[in-house]
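Chains as they are written, first to last, in the working numbering: chain G, 1 to 206; chain D, 207 to 412; chain L, 413 to 618. Here a beta-carbon is modelled for each residue, glycine too, at the ideal position from N, C-alpha and C.
Right, dumping it as structure tokens:
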């Protein structure tokens, strides 16, 4: 049942990230295949990097084609439906926050299961949560959202960290996952709502 | 013999993609090592991603150094020969079309052989055909050709799809490969020749 | 003892590359997590690509969390210490040269140990030495340093090539590593000091 639960969480996470990819495609005025490509890369990018780095066999979407189907379906719906979405910039930010909160705990979970150290699992959580969006923004040749936005990686680190701590303390898997997810999402939501930022570096004067 | 045939097709595909990388290096006015680097990354990028995601041991060019030699040789020839190529933008587009048509069927073939589902093999075909060019354009910090060009990914999907269908129907391997290759190349050639495009998204008005 | 020696060399290489990532983050005026992210990606990027392509199990920093700790520590120190560094552009170039010289021999060493051909080991050396910086610059959406700078990849190829030659001739491992490292670093240092470049391509006139 735990595996089933994780599977559904991951499908939702892939779907919302695919939506953010499709919205980026809309801003670039791409055709439907550009939507499918950016949607898929963003949806499966983070989990793909996680599986490749942990070297745990073929990546998750090779073993189960449902993930690709979700990406293509979401991208297609977005292509035809986006004109009717009034404030898509906001939708992008909230969908991105949801995907980030899901993937930071799922990434850490997969790493712990593969026998990784806690510190490495934390990095895997942050990577899973951020890599899809980084590739999306690199393909669009712009500075990644997570480097421009309010405490993005901080939220992913907090969610993954709390999950790892609770999992090590022996809390039930689902409770630990939900606590980590909720922590990441709430901090990010508050940052979006209230404009929280960390102090930026003053630069080098050059 | 089938393996030998695939080997030669892949060498040709790597070579024509390396040529497109070298032409991109020429436009950026790079030195000969910049040519070799961009040529190699573009030539082997798509197949590398395919092998890493399928997790089928060291990637193809680690097992056989001929691929790297081809990339370096093509890049070197392009460095000294490009000034005499009159209309290199056209050459880039046609070499790219040839490489795309070769790699979409080769990517799908390798995925099917590794036991992947048909839908996953289709994605692998499209990825193999497009990833080298995406990385080439990301390194040059510009929006990837395939997101700007006429129905690029569509051609790769059509070629890979036809190959997978024929292979599943039990057609001989070589006939299926050639049919898929020809389909992808002819659609792409027609798109280049007649300026076919798919309707683009109208954007978000922001 | 050889393994211990390699481990320390790699930690130093990861640390100096992380410093170059943190300096790039300073130029972009990022917050402390932006520093940690760019620092980590730059520090571990090249070795990660090497391990994934050779398919030799989980990548090096998954097996040993010290590498991530070094990246985060260096990035944090840079975040608070950079304002006091007067001429950080110079520091970036020299740290980058040091990391490049270390990783070109370490990449080739790991490839030879995995049973790769000499030509493939050369490519792995160059990739290990350059990939972290390429990703750093791609994330910052600018043309990679190594495509703009004096004979960068040439130095890495010279260092990796000499190491491979000496290792094949049966010279002691440490002597071969140091000779390759010194060669790469000295050529790069001379190129930086005296402004050496290779002749660039004249471009395509378009």
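Output yes if chain G places a C-beta closer than 7 Å to the C-beta of residue i; else output no.
i                     : result
residue 428 (chain L) : no
residue 449 (chain L) : yes
residue 411 (chain D) : Note that residue 411 (chain D) scores 48 on pLDDT, short of 50, meaning its location in the model is unreliable and no value can be drawn from it.
residue 207 (chain D) : Confidence is the limiting factor: at residue 207 (chain D) the pLDDT is only 40, short of 50, which leaves the residue's position unreliable, though a coordinate-based value still follows. Not an interface residue.
residue 325 (chain D) : yes
residue 329 (chain D) : yes
For chain D, find out if any of its Cβ atoms is closer than 7 Å to the Cβ of residue i; answer yes or no.
i                    : result
residue 72 (chain G) : no
Residue i touches chain L at which residues, Cβ-Cβ below 7 Å?
i                    : result
residue 41 (chain G) : Under the 7 Å cutoff, chain L gives no residues; its nearest Cβ is about 14 Å from residue 41 (chain G).
Examine chain L for any beta-carbon lying closer than 7 Å to the beta-carbon of residue i, and answer yes or no.
i                     : result
residue 225 (chain D) : no
residue 195 (chain G) : no
Anything in chain D within Cβ reach of residue i, meaning under 8 Å, just list it in chain order.
i                    : result
residue 48 (chain G) : 259
Run down chain G in chain order and give the residues with a C-beta less than 7 Å from the C-beta of residue i.
i                     : result
residue 322 (chain D) : 62
Looking at the C-beta of residue i, does it have a partner C-beta in chain C at a distance below 7 Å?
i                     : result
residue 239 (chain D) : You won't find chain C in this structure, because its protein chains are G, D and L.
Could you tell me which chain L residues have their CB closer than 8 Å to the CB of residue i, listed as they occur along the chain?
i                    : result
residue 12 (chain G) : In chain order: nothing, as chain L lies at least about 25 Å away.
Can you check which of these residues, the options, is closest to residue i by C-alpha distance?
i                     : options                    : result
residue 212 (chain D) : D:374, D:394, D:274, D:379 : D:379
residue 298 (chain D) : D:227, D:346, D:400, D:217 : D:227
residue 58 (chain G)  : L:464, L:473, L:472        : L:464
residue 567 (chain L) : L:538, L:547, L:526        : L:538
residue 578 (chain L) : L:517, L:552, L:563        : L:517
residue 344 (chain D) : D:251, D:402, D:357        : D:251
residue 446 (chain L) : L:476, L:461, L:491, L:481 : L:491
residue 386 (chain D) : D:277, D:306, D:262        : D:306
residue 475 (chain L) : L:488, L:489, L:459, L:486 : L:459
residue 425 (chain L) : L:438, L:541, L:605        : L:541
residue 399 (chain D) : D:357, D:376, D:366        : D:357
residue 451 (chain L) : L:552, L:602, L:583        : L:552
residue 73 (chain G)  : G:42, G:19, G:110          : G:19
residue 301 (chain D) : D:248, D:320, D:376        : D:248
At a threshold of 6 Å, does residue i count as lining the ligand NAD (C-beta to nearest heavy atom)?
i                     : result
residue 402 (chain D) : No copy of the ligand NAD occurs in the structure displayed, which carries no ligand at all.
Positions along the stretch 341–371 of chain D whose CB lies within less than 8 Å of some CB in chain G: 344, 347, 348, 349, 350, 352, 353, 357, 358, 359, 360, 363
Interface positions of the stretch 463–482 of chain L facing chain G (Cβ-Cβ less than 8 Å), listed along the chain: 464, 467, 469, 470, 471, 473, 474, 477, 480, 481
Interface residues of the stretch 181–193 of chain G facing chain L [CB-CB below 9 Å]: none
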